[in-house]
Each structure stands twice: as C-alpha cells, then as structure tokens.
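Engineer: Before I ask anything, let me first share the structure, which is written out below as structure tokens.
2 protein chains.
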Amino acid sequence: MSVLVVGSVALDSVETPFGTADRVVGGSANYFAAAASLFGNVNVVGVVGEDYPMEQLSFLEGRGVDFSGVTTAPGESFFWAGRYSYDLNNRDTLETRLGVFAEFDPVIPEAFRDARLVFLGNIDPTLQLRVLDQVEAPGLVACDTMNFWIEGRRHQLLELLGRVDVVLLNDAEARQLSGEHNLLHAARWIQDKGVRYVVIKKGEHGAILYGPDWMFFAPGYPLEEVFDPTGAGDSFAGGFMGSLAGESSLDRSALRRAMIYGSATGSYAVERFSVERFRELTPLEVARRVEEFREMTTFEHELEAF
Amino acid sequence: MSVLVVGSVALDSVETPFGTADRVVGGSANYFAAAASLFGNVNVVGVVGEDYPMEQLSFLEGRGVDFSGVTTAPGESFFWAGRYSYDLNNRDTLETRLGVFAEFDPVIPEAFRDARLVFLGNIDPTLQLRVLDQVEAPGLVACDTMNFWIEGRRHQLLELLGRVDVVLLNDAEARQLSGEHNLLHAARWIQDKGVRYVVIKKGEHGAILYGPDWMFFAPGYPLEEVFDPTGAGDSFAGGFMGSLAGESSLDRSALRRAMIYGSATGSYAVERFSVERFRELTPLEVARRVEEFREMTTFEHELEAF
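This is the structure we're talking about:
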C-alpha cells in the first residue's frame, strides 16, 4: 500500500558544529519519503525549480519513491539556509528563498488520489486543505505544521484539525497552538478540535502519542553524536506513516509501533547531512533499533505483589 | 530490610502559582523517608533545631520510619524559602538559613551501621564520605549532589564517586560535573570515575539509568497538575531505594523496576505541598501507577517480520 506525501522538495545549506553542507537536497517531502520508503512505496507531490538536482534522489526512486507528482516550474527551488548552536538545541535561519514554492498549488495526480495514507507536510494549511479535497477517503491522514502557520493561518489550521486523524508537532508548537503549558492539557485542547491522535515531539526527550483514552511514550534514542538535526521531524513522520502502511489494521497496537518506528528513522536521519543516512540504511537496521527501544523501556512487575 | 538515609530535615516556605506553604516540613531526608517507607523500614540520620515540629512526622513513624538518628541541637532548623515560576520550570531561592545544619557532622547510630542500602542525600561530599566510613559493607550505596558541591567540593565529590554504586543527579548537574553536553557522554564520564550506575533525572521528561552496558528509560508521568515540585528528586530516590529493599537480588531487573517505582513516588510527591501526598498514599496506588507506566511504554514488535 502506498503513502502519499505533499510537502517541500528543497535545497538546504546547513552549518553545524561538525561541518557545513551547501545546497544539499532537503525539505519535508524528501525526508519523509526517504524514511517511509524503507517500508513500502511513497508518492510525492511538490514543486521544484529548474535548478533542482533530481538525480540526487534517484536512490529513492530505486526504493519505490514516485516523484512524478513533483512538477518543475520556471525559477529557483525553495532554498533554506540555517546555522545550529554548539549544542544543536537552537538554530538560526540565515536565509529563506521560497522561489517556485511561493506559487505552489498542489495538484494530486489521478493515480495518487486513492491513497490510503496521506501525510500533509509543513505547508500553508490552506494548501493542506486543498490536498484533502483531492484525495478519496483515505484511511488515515496526518499533518505537520509550524509556528508561522499557527500565528498566520490559525483559522485554516483549526479547520484542518477537524479533518485529519493525526497531528504531529513539537512541544513548543503544541503550547503555542493551545495556549496551554502543560503538554497533557495542550494535547487535550488540540483533540477537542477534532483530531483523534496528537503526537508531540520533544527532540532528545522523545515523543508522546495522545490517543482518545490512552498515551504512549517513545524515548529519544541515545545517540553518541547528533550530526545535523535537520529533517528529524519529517523522518519521524516517514517512519510513523511508513510502518502504518504495512499494518493490516490501524489500531492502538499499530500506532504504538509506529511511534517507535518513527523514533528509529528520526534518530538515523540526524547521523548525517541531508538524507545521506538513508542511502545505505536497511529495514533490518531499523528493526534492530526498534528492538533497542524495547530493551530500553521494558521492565517486569507483578501488581499482585502488593 | 531497612534503608538508611542521611540528609536534611528542614523547614520550607514555598510559593507556587497555586498557593503558598509556610514553614512546612521538608528536606531531602524527609521526602526520601516518606517515599521509601511505602516499601519498608527507613532509618534517618540528620539534625534539627529546637524549633522543629517533629510531631508533624509522626505519621511516618507509624509507617516504620525511625528518627532516632535525628539529633536536636541548640538553635534554628535548616530553613529554605523559594518561589517557582508560573510554568514551575524555574525557581528562585528567596532565603536559606543553615541554622544547626551548618555544624552537622553525621553520627550513624550503632543500630543503623549494618544497613544494606544507604542513601546519601544532598549534603557536603565531605560529610557523605564520613557516613561511608561509619557503615559496614552496605550492599548498595546511592548519593545525590547539586551544583553547589560540584563547584565547591569537586575533589571530594570525585572521591565519593569512586565509593558509591549509584549517583542520582539531574541533567544540568550531570552536564556541569562532566563538562559534556551529550547526556550519554556525561554518564560515561561519571561512570569512569568509578560509579556503576548513573541516574539522570530530567523532570517532566523522565529519567535515564545508565548501567555498565545497558540503559533504561523511565518517562515522566503525565500529571494534570504539578502543584509543588519541591522534593520530587528525593521522593524519586526514596521509591528507587525503597523498592530495592524489597528485592532479593540487586540485579538489572530490580534496578529497572526501581526506576519506575522512583518515577511513581516522585510523581505523587508533586501533587501537594510538603510530604502531604504521602500521608494517605498506599503501596497499591504506587503499584497501579507503575502499571500505568508499563501501559505507556509497551509495544509489540516482531523482529522476524524483516
């Protein structure tokens, strides 16, 4: 079963304490596709300029990523440049050039419209809604967002929350959106807007899935070195949605597994610049890291002892 | 099997966004004893002034806490006053009066010297070392510390690390002590000083146990309201050590359970001012919260699927 992702296909220039990368492939759709394609086929919808090095993504095409929904428009590709602090906890945006992305109006190719799983990457909620108008009865829709849309497209974002099944956002975004500092309250506030599952990502502190009447905690994977945090969230989403594509039922058990698969792919993404880590990464390596997550959280306890 | 704790028996005045508490019982030894006594007997060594309201601790005596090692000296009891920020993530110390604590030189009563489990609360490492000189071959010794000692008693603290089995400290303290930002590196640095297990507490983000060749993650319990964070760390230590007192073997399995018991007792502590939440708390309630922790972290996964 294939997964549809709509998002940015971009070029990034990144400075970290460990080095710099100049105009490498990035963007939410690429990171998502790199992670999700470890589990099955991925269909990408986006836009690039005539300058975009699509050939650098050919390794993903070889793994079942279909870029035929990525149109080429006259002009420059979306470009982002940023610099991370020494501890990687903060980043400054040095430059953002929307280029052809400024006029992006996603058109879902006919062949992609029956997607069972849809991921709406971090783009204008107005466009995310337009994508939903074009797909036919997906089994599960997840979306991402960011501070810029929470502030500037609040009304459209709230409408979107009533039409998706899962929202993935980080702790600062959840607090900003809800006005609640306590994450449990923030999640409940968001759920009240109509979304069933809220995934709050906390970087090195892991991620929490808030369901209707249950919660699930995934710890952050203890990496020796984080090389470049760019794309961690989208790679998480890719592992999350990709693993769900392989499930026969999108039930509680599948969603819990998806949280750990997402944590695993997100943790791999930050080991190198760009989507480089996914070049050689195998499903077995991901599964082994998932086993490590289990080993790090399992304990035995007899309630009857009391 | 009883547990020995040496630490402060204090009076606290606390302001939180939810209210104020004036000169209530506090201090590391009290929080520790309140939590650990849910599991078995606890022997306390400390010092108070003539003004100390020991009668407020009588409910703990009824649960097997022996305060006969707490001496009364002429003068005032240790007093701390603090104010928490609106989000409870920061606190300002308004006043600290050491009182009789300034001259504290712990003497372990003869009857307490064969303790199998010893917790050295957050006091001067010089005194923590003197306690170790007085106990006979304990099975496991754990210690706490803080920024003040890391800065001012570094040499003594490093000596102490070579003589304890477990150190419990928060993420900022682990980074300060080791000079390493990455917590995995910080833990390895501390272990190199001779301590087998390093427990790094991250507040709402949970706690991590770093063992010789394994790790264990305990999530933060998702509280609706944190009323007063004072004593959370010592209540964690109390649940951790208290649960170990009931184990036949201090092995990996027992230590993992201890992390969750500590997380549970720490999460209860912050629901009220002072040690008030422990007044009615039962071992069964703690065990039920432990079950909730399991429910929040368990997932099914077949490595063979790949």
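Chain order of the listed sequences is W and R.
91 is the number that the working numbering gives to position 102 of the first sequence; each next residue is one higher, with no gaps.
250 is the number that the working numbering gives to position 261 of the second sequence; each next residue is one higher, with no gaps.
Even for Gly, the Cβ is constructed at its ideal location relative to N, Cα and C.
It should be emphasised that the depicted structure is a prediction, and the values quoted were computed from it without experimental measurement.
Check the C-beta distance from R:Ser66 over to R:Val96 and give it rounded, since I have them as a contact under 8 Å.
Structural biologist: About 18 Å separates the two Cβ atoms, so there is no contact after all.
Engineer: Rounded to a whole number of angstroms, what is the C-alpha to C-alpha distance between W:Ala22 and R:Met285?
Structural biologist: Going by the C-alpha atoms only, they are around 29 Å apart.
Engineer: In chain R, which residues lie with their C-beta within 9 Å of the C-beta of W:Ile249?
Structural biologist: Neighbours of W:Ile249 on chain R, chain order: Phe288 and His290.
Engineer: Across the segment 116 to 128 of chain R and the segment 137 to 152 of chain R, are there enough close Cβ pairs to call them in contact, namely three or more that are closer than 8 Å?
Structural biologist: A contact exists between the segment 116 to 128 of chain R and the segment 137 to 152 of chain R.
Engineer: Straight-line CA distance for W:Met230 to W:Gly15?
Structural biologist: W:Met230 and W:Gly15: Cα-Cα distance of roughly 19 Å.
Engineer: What residues in the segment 208 to 224 of chain R have a beta carbon less than 9 Å from any beta carbon of chain W?
Structural biologist: Taking 9 Å as the Cβ-Cβ cut-off against chain W, the residues of the segment 208 to 224 of chain R that qualify are Pro208, Gly209, Pro211, Leu212, Glu213, Glu214 and Val215.
Engineer: Under 7 Å, do R:Trp69 and R:Ala(-1) count as touching if we go by C-beta distance?
Structural biologist: In this structure, R:Ala(-1) lies closer than 7 Å to R:Trp69 by Cβ.
Engineer: In the DSSP assignment, what are the bridge partners of W:Val59?
Structural biologist: Partner(s): W:Gly35.
Engineer: Buried or exposed for W:Tyr75, please, with buried defined as at least 16 other CB atoms from any protein chain shown within 10 angstroms of its CB.
Structural biologist: Exposed is the call here.
Engineer: Below 7 Å between beta carbons: does that hold for W:Ala71 and W:Thr82?
Structural biologist: The question names Ala, but residue 71 of chain W in the sequence shown is Gly. Cβ distance < 7 Å, so W:Gly71 and W:Thr82 count as in contact.
Engineer: With a cut-off of 8 Å on the beta carbons, I'd call W:Ala234 and W:Phe48 a contact; round off their distance for me.
Structural biologist: Incorrect: roughly 20 Å between the Cβ atoms, too far for contact.
Engineer: Using CA coordinates, which residue listed in W:Met43, W:Leu198 and W:Thr219 is at the minimum distance from W:Tyr250?
Structural biologist: Of W:Met43, W:Leu198 and W:Thr219, the residue nearest in Cα terms is W:Leu198.
Engineer: By Cβ distance below 6 Å, which residues in the same chain neighbour R:Pro272 in space, the five residues on each side in sequence not counted?
Structural biologist: Once the five neighbours on either side are set aside, the close Cβ partners of R:Pro272 are Leu27.
Engineer: Check whether the segment 107 to 114 of chain R and the segment 38 to 57 of chain R touch, using three or more Cβ-Cβ pairs below 8 Å as the test.
Structural biologist: No, because fewer than three Cβ pairs between the segment 107 to 114 of chain R and the segment 38 to 57 of chain R fall closer than 8 Å, the two stretches do not touch.
Engineer: Would you kindly work out how many angstroms separate the C-alpha atoms of R:Val264 and R:Ser17, rounded to a whole number?
Structural biologist: Roughly 11 Å between the two C-alpha positions.
Engineer: Which chain B residues sit within Cβ distance under 8 Å of R:Ser242?
Structural biologist: No chain B is part of this structure, whose protein chains are labelled W and R.
Engineer: Below 7 Å between beta carbons: does that hold for W:Ser242 and R:Glu289?
Structural biologist: Yes, the pair counts as a contact, with Cβ atoms nearer than the cut-off.
Engineer: May I have the straight-line CA-CA distance separating W:Val(-6) from W:Arg277, to the nearest angstrom?
Structural biologist: Taking the straight line from one Cα to the other gives about 26 Å.
Engineer: Taking 6 Å as the limit between beta carbons, can you name the residues of its chain near W:Ala176, skipping five residues before and five after?
Structural biologist: If we look at W:Ala176 and ignore the five residues flanking it on each side, its Cβ neighbours are Val187 and Tyr199.
Engineer: Got a sec, what are the start and stop residues for the beta strand (DSSP E) R:Met204 sits in?
Structural biologist: Residues Met204 to Ala207.
Engineer: Can you list, in chain order, the residues of its chain whose CB lies under 6 Å from that of W:Leu150, leaving out five sequence neighbours each side?
Structural biologist: Answer for W:Leu150: Lys182, Gly183 and Val184, listed in chain order.
Engineer: What does R:Tyr186 pair with, by DSSP beta-bridge criteria?
Structural biologist: In DSSP, R:Tyr186 forms a bridge with R:Val155.
Engineer: Answer yes or no: do W:Gly220 and W:Tyr73 have a C-beta to C-beta separation smaller than 7 Å?
Structural biologist: Cβ atoms of W:Gly220 and W:Tyr73: not closer than 7 Å.
Engineer: Is any beta-carbon of chain R found at less than 7 Å from that of W:Met230?
Structural biologist: No, W:Met230 lies away from the interface with chain R (no Cβ there is under 7 Å from its Cβ).
Engineer: Taking only the alpha-carbon atoms, compute the straight-line gap between W:His194 and R:Asn171 and give it to the nearest angstrom.
Structural biologist: One C-alpha to the other measures close to 12 Å.
Engineer: Is there at least one Cβ from chain R nearer than 7 Å to W:Met285's Cβ?
Structural biologist: It does; some Cβ of chain R falls within 7 Å.
Engineer: Listing by chain order, which chain W residues have their CB less than 9 Å from the CB of R:Arg246?
Structural biologist: Those within 9 Å of R:Arg246 in chain W are Phe288, Glu289 and His290.
Engineer: Should W:Asp55 be flagged as near chain R, meaning a C-beta pair shorter than 7 Å?
Structural biologist: No, W:Asp55 does not count as interfacial toward chain R.
Engineer: Does W:Arg164 come out as helix, strand or coil in the three-state DSSP assignment?
Structural biologist: Correct three-state label for W:Arg164: helix.
Engineer: In chain order, what residues of the same chain lie with their CB nearer than 6 Å to the CB of R:Lys191, ignoring the 5 residues before and after it?
Structural biologist: Counting only Cβ-Cβ distances below 6 Å, and skipping sequence neighbours, we find Asp160.
Engineer: Which stretch, first to last residue, makes up the beta strand (DSSP E) that contains R:Phe71?
Structural biologist: The question names Phe, yet the displayed sequence has Gly at residue 71 of chain R. Its beta strand (DSSP E) spans residues Phe68 to Tyr73.
Engineer: Residues in its own chain within less than 6 Å of W:Ala247 by CB, not counting five upstream and five downstream?
Structural biologist: Excluding residues within five positions, the ones whose Cβ falls inside 6 Å are Phe229, Ser232 and Leu233.
Engineer: Tell me which residues share the same chain as W:Arg80 and place their Cβ nearer than 6 Å to its Cβ, disregarding the 5 neighbours each side in the sequence.
Structural biologist: Result list for W:Arg80: Gly71 and Tyr73, in chain order.
Engineer: Under the three-state reduction of DSSP, which class applies to W:Arg261: helix, strand or coil?
Structural biologist: DSSP places W:Arg261 in coil when its eight states are reduced to three.
Engineer: Mind checking the segment 249 to 275 of chain W against chain R and listing, in chain order, the residues whose C-beta falls within less than 7 Å of any C-beta there?
Structural biologist: Those would be Ile249, Pro272 and Leu273, in chain order.
Engineer: How is W:Glu4 classed by DSSP in three states: helix, strand or coil?
Structural biologist: Here W:Glu4 sits in strand by DSSP.
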